[in-house]
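What follows is one structure encoded as structure tokens, with my remarks underneath.
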Amino acid sequence: MDLKIGSLGGGSWGTTVAALTARNSATKIWARSSETVDDINKNHRNEKYLPGANLPKSLVACNTITETVKDADVIVMGIPAQNFRSVLRDAKPFIRPWVPIISLAKGLEMGTKMRMTAVIEEEMQGHPAGVLTGPNLAKEIAAGQAAASVIAMVDNTIAQRLQKVFNTGLFRVYTNNDVIGCELGGALKNIVAIATGMGDGANAGDNTRSAIITRGLAELTRLGIAMGGKPTTFAGLAGMGDLVATCSSTKSRNRYVGFNLGQGRKIEDIITEMAEVAEGVKTSKVVMELANELSIDMPIANSVYKVLYEGDSVNDAFRGLLRRDVGSEAEPG
Numbered sequence: 005m006d007l008k009i010g011s012l013g014g015g016s017w018g019t020t021v022a023a024l025t026a027r028n029s030a031t032k033i034w035a036r037s038s039e040t041v042d043d044i045n046k047n048h049r050n051e052k053y054l055p056g057a058n059l060p061k062s063l064v065a066c067n068t069i070t071e072t073v074k075d076a077d078v079i080v081m082g083i084p085a086q087n088f089r090s091v092l093r094d095a096k097p098f099i100r101p102w103v104p105i106i107s108l109a110k111g112l113e114m115g116t117k118m119r120m121t122a123v124i125e126e127e128m129q130g131h132p133a134g135v136l137t138g139p140n141l142a143k144e145i146a147a148g149q150a151a152a153s154v155i156a157m158v159d160n161t162i163a164q165r166l167q168k169v170f171n172t173g174l175f176r177v178y179t180n181n182d183v184i185g186c187e188l189g190g191a192l193k194n195i196v197a198i199a200t201g202m203g204d205g206a207n208a209g210d211n212t213r214s215a216i217i218t219r220g221l222a223e224l225t226r227l228g229i230a231m232g233g234k235p236t237t238f239a240g241l242a243g244m245g246d247l248v249a250t251c252s253s254t255k256s257r258n259r260y261v262g263f264n265l266g267q268g269r270k271i272e273d274i275i276t277e278m279a280e281v282a283e284g285v286k287t288s289k290v291v292m293e294l295a296n297e298l299s300i301d302m303p304i305a306n307s308v309y310k311v312l313y314e315g316d317s318v319n320d321a322f323r324g325l326l327r328r329d330v331g332s333e334a335e336p337g
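Take 5 as the starting number for the sequence shown in the numbering used here and just add one per residue.
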């Protein structure tokens, strides 16, 4: 295609998406690390975040945001939620008018409690905003394994145009106009993945994992609908699909955090050793604020929050869940 893509963020998922778009369109990617930039340009690799993966020779890495976005027809934001706004502000003076901006982040901004497309709309008025989300484990996609994703935008015409930018080989991209639901599904499932990892780390068993995933889906659906998402979205790729992948895979950063918590490690030590951000850690705080404001019962999310921020042990969390009254499966709780 004749579109030029400017991709911000050289982590595993940002690099993977840039590698996908580079197969369809001229793509430049910005990374904070000059070593990562050199690795992509000279070796067509990103060994720090995607060890062993070969990147397209056409993918060009840049040391500056300006160089990356100044001629771009589409901006892709592979930036974690808590740094998203600041990087977008840095890029703002150099992005041409009306250029679509697509978020890859799966988190909510602390303080404002905003989704990333809402941040885009606030900071970049007049620019169409969207999100690419789904059960997308970066290392599997970078290795060429089949996967499906969703690009969600209010304007379906733009979404269909961008669908062709991201759709590549075994990476199938579907469109959806429920931006709120798709974005919340991606953010909320990370908290359930931490809970699942906690159970796995504590050897709670397969039955426990299944129960957490299923009841976790009910929780994120309740909050998602209360915030304006559509029920069907949470049963699709951006909801259940992403949830299952993130809760089941050893490649999931959020499950990794939970697993290590289940093994008795402290959250500060786990985060310190990680090369990339597990969005669910900070998003859990935002989600409990939203749940309280909207009077949504989220016992699993609340248990994760207490382990992360109030000093509860994993055993405390599971005992708290088991002490709850048991009602109808169709009801909250």
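Built from N, CA and C at the ideal position, the CB exists for glycine as well.
Computed from a prediction, not measured in an experiment: that's the story for all the values here.
Counting along the chain, Ala151 sits inside the beta strand (DSSP E) bounded by residues 151-157. Under the three-state reduction of DSSP, Trp102 is assigned to coil, being neither helix nor strand.
Contact annotation: Ala133 and Pro97 have beta-carbon atoms that are not nearer than 9 Å. With contacts defined as CB atoms closer than 9 Å, Val318 and Gly205 qualify as a contacting pair. Annotation: the continuous beta strand (DSSP E) that includes Ile79 extends over 78-81. Out of Ala22, Gly13, Ala208, the CA that lies nearest to the CA of Thr172 is found in Ala22. The alpha carbon of Tyr309 has as its nearest neighbour, out of Leu265, Asp273, Glu280, the alpha carbon of Leu265. Sequence-distant partners of Ser256 (beyond 5 residues in either direction) whose C-beta falls short of 6 Å from its own C-beta, in its chain, are Ala197, Thr250. Your pair Ile216 and Thr200 checks out as a contact, with CB atoms roughly 5 Å apart and the cut at 8 Å.
The residue from Ile229, Leu325, Leu247 with its alpha-carbon nearest to that of Ala295 is Ile229.
The straight-line gap separating the alpha-carbon atoms of Ala150 and Trp17 is approximately 15 Å. Between the beta-carbon of Leu7 and that of Asp77 there is about 4 Å, and that keeps the pair under the 8 Å contact cut. Looking at the backbone, the Cα of Thr225 and that of Phe238 are separated by about 6 Å. An exposed status is given to Tyr313, since fewer than 16 other beta-carbon atoms sit within 10 Å of its beta-carbon. Straight-line spacing of the CA atoms in His48 and Ser288 works out to 36 Å. Relative to the Cα of Met128, the nearest Cα in the group Arg269, Trp102, Ile300 belongs to Trp102. The alpha-carbon of Gly82 is positioned some 5 Å away from that of Gly13. In the structure shown, Lys310 falls within a helical segment according to DSSP collapsed to helix, strand and coil.
At a Cβ-Cβ threshold of 9 Å, Leu241 and Pro139 count as neighbours. Nearest Cα to Thr116 within the set Thr212, Lys286, Leu221: Lys286. Around the beta carbon of Lys168, fewer than 16 other beta carbons sit within 10 angstroms, so the residue counts as exposed. Looking from the CA of Lys143, the closest CA among Pro55, Lys61, Met120, Asn211 belongs to Pro55. Here Glu283 is buried. Its C-beta has 16 or more other C-beta atoms within 10 Å. In the DSSP secondary-structure assignment, Tyr178 is bridged to Val154.
A Cβ-Cβ contact shorter than 9 Å links Ile195 with Gly220. Note on geometry: alpha-carbon atoms of Leu247 and Thr68 lie some 35 Å from one another.
Looking at the DSSP output, Cys66 shares a beta bridge with Trp34. Val261 is positioned such that its CB atom lies no closer than 9 Å to that of Met114.
Secondary structure of Ile217 (DSSP, three-state): helix. Lys8 has Ala30 as its beta-bridge partners, per DSSP. Going by C-alpha positions, Val183 is about 18 Å away from Arg89.
Secondary structure note for Ala133: its beta strand (DSSP E) is the uninterrupted segment 133-137.
Judged by DSSP in its simplified three-state form, Thr276 adopts helix. Per DSSP, the unbroken alpha helix (DSSP H) holding Ser252 starts and ends at 246-252. Here DSSP, grouped into helix, strand and coil, assigns Ser16 to helix.
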